[in-house]
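Read left to right, the sequence shown gives residues -20 to -1, 1 to 135 (mature numbering (1 follows the signal peptide of the UniProt record, and there is no 0)). Have a look at the structure below before the remarks.
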Amino acid sequence: MVARTVIYLYIMSILGLCWCIEQPSSSLLEKHTAFQWLCKQTKVYRVFVWIGSYGHDCPKPTFLYSNYQFFQKLYLPLPDREWTSSMVRRYVDGSGVQRICGDCDLKASQHYPVRFGCAVAECFLEHYELVKETAEKTQSILQASPPKKEAKDTC
């Protein structure tokens, strides 16, 4: 799934389009060879956000990855308050090893607060002209220099 996503992101980057993906802070995405390849091919920005800062029941530390830097303005400090949901249960098993497992709130944590969705949309719309201008320039360059046709082997 990561490799397929990377292909889409790379094509979007080539076309000058804006993309932004979200991953939990515990994600192994950055360690995946396809994602590492993408980061070598094009600039990828990472911003840390607390989804809890946007009204979620739990803090939910999250990374956003994008080919545009302006999403960094989405970082907000985590409010100092009691959280109603933890998403995980920590315990020590019979062998004395500390364990973590998802609790009943984990599934619900997949839902984004409306405030977060609005903040992402506002951030994009605030920079829409930049994205549009970049995409138009990139696409005009691509159209001006069509790929060379290779000679076909004949039998």
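For every residue, glycine included, the Cβ atom is placed at its ideal position computed from N, Cα and C. Note that the coordinates shown come from a computational prediction; the quantities given were computed from them, not determined experimentally.
Is the beta carbon of residue i less than 7 Å from the beta carbon of residue j?
i	j	result
residue 5	residue 41	yes
residue 50	residue 107	yes
residue 54	residue 103	yes
residue 47	residue -8	yes
residue 18	residue -19	no
Under the DSSP definition of a beta bridge, which residues are partnered with residue i?
i	result
residue 80	70
residue 25	46
residue 3	43
residue 30	41
Using the C-alpha atoms, what's the distance from residue j back to residue i?
i	j	result
residue 123	residue 20	25 Å
residue 16	residue 10	6 Å
residue -12	residue 115	14 Å
residue 118	residue 81	46 Å
residue 59	residue 95	15 Å
residue 101	residue 69	33 Å
residue 76	residue 113	58 Å
residue 64	residue 128	60 Å
residue 7	residue 105	28 Å
residue -17	residue 73	38 Å
residue 13	residue 125	31 Å
Could you say which of the options lies nearest to residue i if we only look at CA atoms?
i	options	result
residue 62	125, 38, 70 and 109	38
residue 97	-10, 17 and 34	34
residue 110	9, -5 and -1	-5
residue 26	8, 17, -1 and 13	-1
residue -3	23, 7 and 14	23
residue 2	31, 14, 105 and -10	31
residue 90	125, 36, 13 and -10	36
residue 52	99, 12 and 14	99
Write down the C-beta distance between residue i and residue j rounded to the nearest angstrom, noting that I regard them as a contact closer than 8 Å.
i	j	result
residue 71	residue 79	6 Å
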